[in-house]
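In this note's numbering, the protein residues as written are -17 to 371.
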Amino acid sequence: MAAEILPQPQARKPCLLSKIEAFQDVVSTAVIIPKEDGVISVSEDRTIRVWLKRDSGQYWPSVYHTMTTSCSCMSFNPETRRLSLGMDTGSIQEFILSEDYNKMTPASTYQAHQGRVSVVLFVLEMEWLLSTGQDKNFNWHCSESGQQLGTYRTAAWVSGLQFDVETRHAFVGDQSGQVTILKLEQDSCSLVTTFKGHTGNVTALCWDPVQRVLFSGSSDHSIIMWDIGGRKGTAIELQGHNDKVQGLCYASHTRQLISCSSDGGITPEWLDSDSCQKCEQPFFWNFKQMWDSKKIGLRQHHCRKCGQAVCGKCSSKRSTIPLMGFEFEVRVCDSCHESITDEDRAPTATFHDSKHSVVYMHYEPTTGTLLTSGSDKVVKLWDMSPVVS
-17 MAAEILPQPQ
-7 ARKPCLLSKI
3 EAFQDVVSTA
13 VIIPKEDGVI
23 SVSEDRTIRV
33 WLKRDSGQYW
43 PSVYHTMTTS
53 CSCMSFNPET
63 RRLSLGMDTG
73 SIQEFILSED
83 YNKMTPASTY
93 QAHQGRVSVV
103 LFVLEMEWLL
113 STGQDKNFNW
123 HCSESGQQLG
133 TYRTAAWVSG
143 LQFDVETRHA
153 FVGDQSGQVT
163 ILKLEQDSCS
173 LVTTFKGHTG
183 NVTALCWDPV
193 QRVLFSGSSD
203 HSIIMWDIGG
213 RKGTAIELQG
223 HNDKVQGLCY
233 ASHTRQLISC
243 SSDGGITPEW
253 LDSDSCQKCE
263 QPFFWNFKQM
273 WDSKKIGLRQ
283 HHCRKCGQAV
293 CGKCSSKRST
303 IPLMGFEFEV
313 RVCDSCHESI
323 TDEDRAPTAT
333 FHDSKHSVVY
343 MHYEPTTGTL
353 LTSGSDKVVK
363 LWDMSPVVS
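The following block contains the structure:
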């Protein structure tokens, strides 16, 4: 069953266009088919479905295919209509969809991993199929011959993967919270660097090849923007969610980041000190100063604006600092609180309720349509043009 929703374009918020509700289980991944008014969905009930919009305005399945085992991830290339499916068994199965999207023909099978495939990504320009699995291996295969070209062992199993065609850099986010950058060659790879900024596992990655900026989302509720192109090590932390970040998409034409969660300035370096950098009272581990001054040690905090180590008394105030990524109120020292103006507090993010706990999202920039899949077994299609403009 799929319902068409009549949009209200006057409001500057996402307009719900359609709902697809005919699922027996949660849709773990789905994509919008460009130029076709269609959706490809992969559900935990082992079904692959291609939904096309009918004259009635509703979406009905033109392909309904049941796999022998569960699919864990998917990559779809609209130019070749190649559908790559990562399986729970560790294999990757590929299908070619017909021009009218009414037929799905088996093409190739790759024995890629020893455990569940966590991410699969087809790169048309290189004719490479990149994949990661719970066996902690990052592999790439030739999509023409089916042969494995190379492999790299990761520290933890990978949950996010992006690729830059121009430089052949792979960005790999894992369950330990770090992002690894690898330089890929035809049959080898080299470690470039690793980024460590999240306290939870990396749940989503998004790469902007024009501005050369990488976004990483995490279960720690935060998003970090890594400025790769600037080569200065700049990282801006974005705090706008109250739960695990599930998906990231970037609208390059407006330079806006779209993020979804289970909840539906430059960040300064945090400085360490043995005493409060405002009142100089010692922190609890500085036993010598505590003894000399006969004062009880205090807990160390940090001002999110200046980064100084301060005690609770000198950082009793809270404020939003949107230009530094803090859309929620955070701890600031008293002097910084006085310096923050109403203009500084003007929000840089807009918040919209998807009315379901999002487990996956996909944005199609050519139509300005956002797809969200929720834990309620419903797929929703949104017109984002009132917001992304």
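Ideal placement from N, C-alpha and C gives every residue a C-beta, glycine not left out. Small disclaimer: the values here were computed from a predicted structure and weren't measured.
Look at E61 here: in three-state DSSP terms it is coil, with no helix or strand label. Looking at the DSSP output, R135 shares a beta bridge with N119.
Within the same chain, Cβ atoms closer than 7 Å to the Cβ of T181 are found at G159 and D202, the five residues on either side in sequence being excluded. Taking the CA atoms as reference points, L79 sits about 5 Å from M86. Secondary structure at E320: helix, using DSSP grouped into helix, strand and coil. Looking only at T348, V105 and S54, the smallest Cα-Cα distance to T236 is reached by T348.
Restricting attention to G211, V184 and F5, the CA atom closest to the CA of S204 is found in V184.
One Cα belongs to Y232, the other to M207, and the distance between them is close to 12 Å.
Each residue's CA atom was taken as its position, placing V174 and K1 some 43 Å apart. If the five residues before and after D316 are omitted, its C-beta is found closer than 8 Å to the C-beta atoms of K260, C296, S297, S298 and K299, all from its own chain and listed in chain order. Taking 7 Å as the cut-off, the beta carbon of G68 is found no closer than this to the beta carbon of G97. The Cβ atoms of Q238 and V370 sit closer than 7 Å to each other. Taken atom to atom, the span from the alpha-carbon of T162 to that of V312 is near 29 Å.
Taking 3 residues as the minimum length, the beta strand (DSSP E) runs contained wholly in the region 2 to 87 are 9 to 15, 20 to 25, 29 to 35, 41 to 48, 53 to 59, 64 to 69 and 73 to 79, in order along the chain.
By the criterion of at least three beta-carbon pairs nearer than 8 Å, the region 351 to 369 is in contact with the region 8 to 16.
Across the set S66, G179, V195 and A137, the C-alpha of S66 shows the shortest separation from the C-alpha of S113.
S113 sits in a strand when the DSSP states are folded into three classes. For V101, the uninterrupted beta strand (DSSP E) segment begins and ends at V99 to V105. The beta carbon of S44 is closer than 6 Å to those of V32, L34, Y83 and N84 in its chain, skipping five residues each way along the sequence. The three-state secondary structure of C296, taken from DSSP, is helix. Within the model, the alpha-carbon separation for F145 versus D70 is close to 23 Å.
Relative to the Cα of M56, the nearest Cα in the group D27, I22 and L(-1) belongs to I22.
When C-alpha distances from D19 are compared across Q168, H47, D169 and P60, the shortest belongs to P60.
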